[in-house]
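Asker: Here it is: the structure, laid out below.
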Amino acid sequence: MGVERSGPDHRLRDVARAMRGVIELLEVHWTRVPDVTSPVTVSAPQLRVMYVLERREGINLRHLSAELAAAPSSVSRLCDRLEALGFARRSSSPSSRREVELHLTTQGRAHLDRLRARREERLAAALERAAPASRARLMEAVETIRAALTVAQTEPPAPRTEHPPDDGPERRTG
4 MGVERSGPDH RLRDVARAMR GVIELLEVHW TRVPDVTSPV TVSAPQLRVM YVLERREGIN
64 LRHLSAELAA APSSVSRLCD RLEALGFARR SSSPSSRREV ELHLTTQGRA HLDRLRARRE
124 ERLAAALERA APASRARLME AVETIRAALT VAQTEPPAPR TEHPPDDGPE RRTG
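Numbers 4 to 177, taken from my numbering, label the letters of the sequence shown in order.
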(Lines of atoms letter the chains of each structure in order from A; the text may use other names.)
(Lines give C-alpha, C1' and ligand atoms only; values in the text may rest on other atoms or scores of the structure.)
Protein backbone atom coordinates (compact mmCIF):
# COMPACT_ATOMS: atom_id res chain seq x y z
CA MET A 4 0.00 0.00 0.00
CA GLY A 5 1.22 3.50 -0.81
CA VAL A 6 1.26 6.51 1.43
CA GLU A 7 -1.62 8.85 0.72
CA ARG A 8 -0.53 12.34 -0.23
CA SER A 9 -2.67 15.27 0.69
CA GLY A 10 -2.40 18.92 1.45
CA PRO A 11 -0.89 21.85 -0.45
CA ASP A 12 2.75 20.95 0.31
CA HIS A 13 2.44 17.53 -1.33
CA ARG A 14 0.67 18.99 -4.36
CA LEU A 15 3.36 21.66 -4.70
CA ARG A 16 6.06 18.97 -4.61
CA ASP A 17 4.15 16.96 -7.25
CA VAL A 18 4.08 20.02 -9.54
CA ALA A 19 7.79 20.69 -8.92
CA ARG A 20 8.62 17.05 -9.65
CA ALA A 21 6.59 17.15 -12.87
CA MET A 22 8.34 20.37 -13.95
CA ARG A 23 11.75 18.85 -13.19
CA GLY A 24 10.82 15.90 -15.37
CA VAL A 25 9.80 18.19 -18.23
CA ILE A 26 13.04 20.17 -17.93
CA GLU A 27 15.08 16.97 -18.03
CA LEU A 28 13.17 15.78 -21.10
CA LEU A 29 13.77 19.13 -22.79
CA GLU A 30 17.50 18.92 -22.08
CA VAL A 31 17.62 15.49 -23.72
CA HIS A 32 15.29 16.54 -26.55
CA TRP A 33 17.37 19.60 -27.44
CA THR A 34 20.69 17.79 -27.43
CA ARG A 35 19.59 14.78 -29.50
CA VAL A 36 20.13 16.58 -32.79
CA PRO A 37 23.35 18.59 -33.19
CA ASP A 38 23.19 22.17 -34.43
CA VAL A 39 24.18 21.75 -38.06
CA THR A 40 23.99 25.51 -38.62
CA SER A 41 26.91 26.13 -36.25
CA PRO A 42 30.43 24.72 -36.65
CA VAL A 43 31.01 24.97 -32.89
CA THR A 44 29.53 23.20 -29.92
CA VAL A 45 28.70 25.16 -26.79
CA SER A 46 28.34 23.23 -23.54
CA ALA A 47 25.43 23.71 -21.14
CA PRO A 48 27.61 25.64 -18.63
CA GLN A 49 28.86 27.89 -21.45
CA LEU A 50 25.25 28.53 -22.48
CA ARG A 51 24.42 29.54 -18.91
CA VAL A 52 27.25 32.08 -19.06
CA MET A 53 25.95 33.41 -22.38
CA TYR A 54 22.42 33.79 -21.00
CA VAL A 55 23.73 35.82 -18.06
CA LEU A 56 25.95 37.98 -20.28
CA GLU A 57 22.94 38.67 -22.48
CA ARG A 58 20.88 39.83 -19.49
CA ARG A 59 23.65 41.57 -17.53
CA GLU A 60 25.76 43.45 -20.06
CA GLY A 61 29.16 44.35 -18.63
CA ILE A 62 28.95 42.07 -15.57
CA ASN A 63 32.28 41.37 -13.89
CA LEU A 64 33.68 37.91 -13.20
CA ARG A 65 32.96 38.04 -9.46
CA HIS A 66 29.27 38.85 -9.99
CA LEU A 67 28.98 36.33 -12.82
CA SER A 68 30.46 33.64 -10.59
CA ALA A 69 28.01 34.52 -7.82
CA GLU A 70 25.06 34.45 -10.21
CA LEU A 71 26.11 31.03 -11.51
CA ALA A 72 27.00 29.78 -8.01
CA ALA A 73 30.36 28.61 -9.36
CA ALA A 74 34.01 29.15 -8.54
CA PRO A 75 35.53 32.20 -10.27
CA SER A 76 38.34 30.03 -11.69
CA SER A 77 35.78 27.72 -13.35
CA VAL A 78 33.76 30.65 -14.70
CA SER A 79 36.94 32.28 -15.99
CA ARG A 80 37.75 29.12 -17.99
CA LEU A 81 34.22 29.09 -19.42
CA CYS A 82 34.69 32.72 -20.46
CA ASP A 83 38.10 31.88 -22.00
CA ARG A 84 36.42 29.26 -24.20
CA LEU A 85 33.58 31.61 -25.18
CA GLU A 86 36.11 34.33 -25.99
CA ALA A 87 38.10 31.87 -28.15
CA LEU A 88 34.87 31.07 -30.03
CA GLY A 89 34.19 34.77 -30.56
CA PHE A 90 31.00 34.63 -28.46
CA ALA A 91 32.21 36.77 -25.54
CA ARG A 92 34.74 39.51 -24.99
CA ARG A 93 36.43 41.08 -22.01
CA SER A 94 37.01 44.80 -21.65
CA SER A 95 38.40 47.10 -18.98
CA SER A 96 35.80 48.76 -16.81
CA PRO A 97 35.58 52.52 -17.34
CA SER A 98 35.24 52.97 -13.56
CA SER A 99 38.20 50.78 -12.55
CA ARG A 100 41.08 49.66 -14.73
CA ARG A 101 41.60 46.63 -12.49
CA GLU A 102 38.06 45.38 -13.08
CA VAL A 103 37.16 43.48 -16.24
CA GLU A 104 33.71 43.60 -17.79
CA LEU A 105 32.26 40.70 -19.76
CA HIS A 106 30.14 41.18 -22.87
CA LEU A 107 28.30 38.94 -25.29
CA THR A 108 29.46 39.62 -28.86
CA THR A 109 27.27 40.02 -31.92
CA GLN A 110 28.39 36.52 -32.93
CA GLY A 111 27.38 35.22 -29.49
CA ARG A 112 23.94 36.82 -29.77
CA ALA A 113 23.50 35.32 -33.24
CA HIS A 114 24.39 31.88 -31.87
CA LEU A 115 21.77 32.26 -29.11
CA ASP A 116 19.19 33.41 -31.68
CA ARG A 117 19.85 30.34 -33.88
CA LEU A 118 19.77 28.02 -30.88
CA ARG A 119 16.49 29.49 -29.63
CA ALA A 120 14.89 29.28 -33.07
CA ARG A 121 15.91 25.62 -33.41
CA ARG A 122 14.58 24.83 -29.94
CA GLU A 123 11.29 26.63 -30.62
CA GLU A 124 10.88 24.67 -33.87
CA ARG A 125 11.42 21.37 -32.04
CA LEU A 126 9.01 22.36 -29.27
CA ALA A 127 6.37 23.51 -31.75
CA ALA A 128 6.64 20.19 -33.57
CA ALA A 129 6.14 18.31 -30.30
CA LEU A 130 3.28 20.56 -29.16
CA GLU A 131 1.39 20.07 -32.44
CA ARG A 132 0.27 16.75 -30.99
CA ALA A 133 -1.57 18.47 -28.12
CA ALA A 134 -5.13 19.75 -28.44
CA PRO A 135 -5.53 23.54 -28.79
CA ALA A 136 -7.24 23.77 -25.38
CA SER A 137 -4.34 21.91 -23.78
CA ARG A 138 -1.86 24.27 -25.44
CA ALA A 139 -3.79 27.27 -24.11
CA ARG A 140 -3.68 25.87 -20.55
CA LEU A 141 0.00 25.10 -20.98
CA MET A 142 0.68 28.68 -22.10
CA GLU A 143 -1.05 30.01 -18.99
CA ALA A 144 0.96 27.66 -16.77
CA VAL A 145 4.24 28.56 -18.48
CA GLU A 146 3.57 32.28 -17.95
CA THR A 147 2.87 31.61 -14.26
CA ILE A 148 6.13 29.68 -13.94
CA ARG A 149 8.08 32.37 -15.80
CA ALA A 150 6.72 35.08 -13.49
CA ALA A 151 7.53 33.06 -10.37
CA LEU A 152 11.06 32.32 -11.57
CA THR A 153 11.62 35.96 -12.50
CA VAL A 154 10.68 37.03 -8.97
CA ALA A 155 12.81 34.26 -7.46
CA GLN A 156 15.76 35.38 -9.59
CA THR A 157 15.73 38.84 -8.00
CA GLU A 158 15.77 37.45 -4.47
CA PRO A 159 19.10 36.67 -2.79
CA PRO A 160 20.05 33.00 -3.06
CA ALA A 161 19.47 30.76 -0.08
CA PRO A 162 22.66 29.91 1.79
CA ARG A 163 24.20 26.64 0.65
CA THR A 164 25.25 24.08 3.18
CA GLU A 165 28.19 21.87 2.39
CA HIS A 166 27.18 19.12 4.82
CA PRO A 167 23.81 18.27 6.32
CA PRO A 168 23.53 19.02 10.03
CA ASP A 169 24.54 16.19 12.33
CA ASP A 170 21.48 15.07 14.28
CA GLY A 171 23.40 12.43 16.19
CA PRO A 172 24.68 12.62 19.74
CA GLU A 173 27.28 15.24 20.48
CA ARG A 174 30.81 13.91 20.29
CA ARG A 175 33.54 14.96 22.62
CA THR A 176 37.16 14.83 21.73
CA GLY A 177 39.68 14.94 24.33
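Note that beta-carbon positions come from the ideal geometry of N, C-alpha and C, so glycine has one too.
1) What is the C-beta distance between Leu-107 and Glu-57, in whole angstroms, given that I count them as a contact (C-beta under 8 Å)?
2) Put Glu-60 into one of helix, strand or coil per three-state DSSP.
3) Drop a sphere of 10 angstroms on the beta-carbon of Met-142, count the other beta-carbons inside from all chains shown, and report buried for 16 or more, exposed for fewer.
4) My output table needs one value for Arg-16: the three-state DSSP class, helix, strand or coil.
5) In this structure, does DSSP put Ala-69 in helix, strand or coil?
6) Leaving out five residues before and five after Ala-21 in sequence, what residues of the same chain have Cβ atoms less than 8 Å from its Cβ?
7) With a 10 Å radius around its C-beta and 16 neighbouring C-beta atoms as the bar for buried, classify Ala-91 as buried or exposed.
8) Go to Ala-74, then tell me how far its beta strand (DSSP E) extends in each direction, as first and last residue.
9) So Ser-137 is in the alpha helix (DSSP H); what residue range does that whole segment cover?
10) Would Gly-111 and Gly-89 be called neighbours here (beta carbons separated by less than 9 Å)?
11) With DSSP run on the structure shown, which of helix, strand or coil describes Ser-79?
12) Output the residue ranges of the beta strand (DSSP E) runs that lie fully inside the stretch 85 to 142 and measure 3 residues or longer, sorted by chain position.
Answerer: According to the data block:
1) Contact annotation, Leu-107 with Glu-57: C-beta distance approximately 5 Å; criterion of less than 8 Å satisfied.
2) Correct three-state label for Glu-60: coil.
3) exposed
4) helix
5) In the three-state reduction of the DSSP assignment, Ala-69 falls in the helix class, which pools H, G and I.
6) Result list for Ala-21: empty, nothing under 8 Å.
7) That one is buried.
8) Segment: none, Ala-74 is in no beta strand (DSSP E) and carries neither H nor E.
9) 135 to 157
10) yes
11) Three-state result, Ser-79: helix.
12) 91 to 95 and 103 to 107
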